[in-house]
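Residue numbers (our numbering): 1243 to 1576.
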């Protein structure tokens, strides 16, 4: 059952619009209710528990007396922090960003957040290759967009330098680095995940780590626990792991995957690298992972395109055709 998020602002149109937006977001664990008067808000809280109140910073503290809510977050006109330390978000930004920051500020009580959202574990697809410059990340982004047309998909990338910001045209306020921090502090939950999830063409994704060093400080087993927990919540039908060149510990992540797509190339060095990786899996008693491997020869990007048009070109070019055929052939088997 969703909890109540009340929205009160001196501008009633803002409160109405934001509440309507929040209620359209399926992953928001709140039912948003807009109020145009403090008296009505106060009366409502007498009848029903309100978990969270978003209130304009021009509303005096004295006006909030008698309003029974779990937590208050201020909607700031200026974006400056509140002097009393009350959490605040800048109200004049995209509603997606406001909601994301609200979820980051929200202090979740452990007992109100169930581990499993739907009772159905997400399917995990791994994409990994010991071969460089093989089109792996382009494949992940295209696969995610194609699958997102029919289901809920989350992309998690372990690339050190992903170029996501340039490709998506977005400056990120949160990333996988924050998610790892929350998990290590014992503060991970679905709201924390939502606070760092961005969207592109129907695909949800968490921006990769802010600094490459953040990946060096975490091991595969720890990430496997975090990603396994995300899958266990069942908030997504499919999770795609772009495993980059994570190196030591990548096998713990591959162990989560029902299928492992391995882009390959035809030159002798690339072939030798794949064979060497296979031999390592067998020698380390992980040969069972090879049974999940599907090697892919991806179409090559033949022409240079601007970063802003790259993803669109991939989706509707040779890569998109390749991925749509792959997805159609594998539908229902993941």
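Ideal Cβ placement from N, Cα and C applies to all residues, glycine included.
Taking DSSP as the reference, what is the three-state secondary structure of residue i?
i            : result
residue 1540 : coil
residue 1313 : strand
residue 1271 : coil
residue 1247 : strand
residue 1453 : coil
residue 1291 : coil
residue 1296 : strand
residue 1498 : coil
residue 1447 : strand
residue 1562 : helix
residue 1330 : strand
residue 1395 : strand
residue 1320 : coil
residue 1254 : helix
For my contact list, residue i and residue j are in at a C-beta cut-off of 8 Å; report their separation, rounded to the angstrom.
i            : j            : result
residue 1499 : residue 1528 : Their Cβ separation, rounded to whole angstroms, is 12 Å, which puts residue 1499 and residue 1528 out of contact at 8 Å.
residue 1503 : residue 1367 : 7 Å
residue 1261 : residue 1285 : Not really, about 17 Å apart at Cβ, beyond 8 Å.
residue 1341 : residue 1264 : 6 Å
On the criterion of 16 or more Cβ atoms from any shown chain inside 10 Å, does residue i qualify as buried, or is it exposed?
i            : result
residue 1364 : buried
residue 1410 : buried
residue 1325 : exposed
residue 1466 : buried
residue 1431 : buried
residue 1257 : buried
residue 1392 : exposed
residue 1510 : exposed
residue 1482 : buried
Tell me which residues share the same chain as residue i and place their Cβ nearer than 7 Å to its Cβ, disregarding the 5 neighbours each side in the sequence.
i            : result
residue 1281 : none
residue 1452 : 1417, 1419
residue 1352 : Low confidence applies here, because residue 1352 scores a pLDDT of 41, under 50, leaving its location unreliable; read the following figure in that light. Closer than 7 Å at the Cβ level, and outside the excluded window around residue 1352, lies no residue.
Closest to residue i by C-alpha separation, out of the options, would be which residue?
i            : options                : result
residue 1540 : 1371, 1313, 1338       : 1371
residue 1542 : 1523, 1548, 1564       : 1564
residue 1407 : 1526, 1486, 1450, 1278 : 1450
residue 1477 : 1268, 1301, 1252, 1557 : 1268
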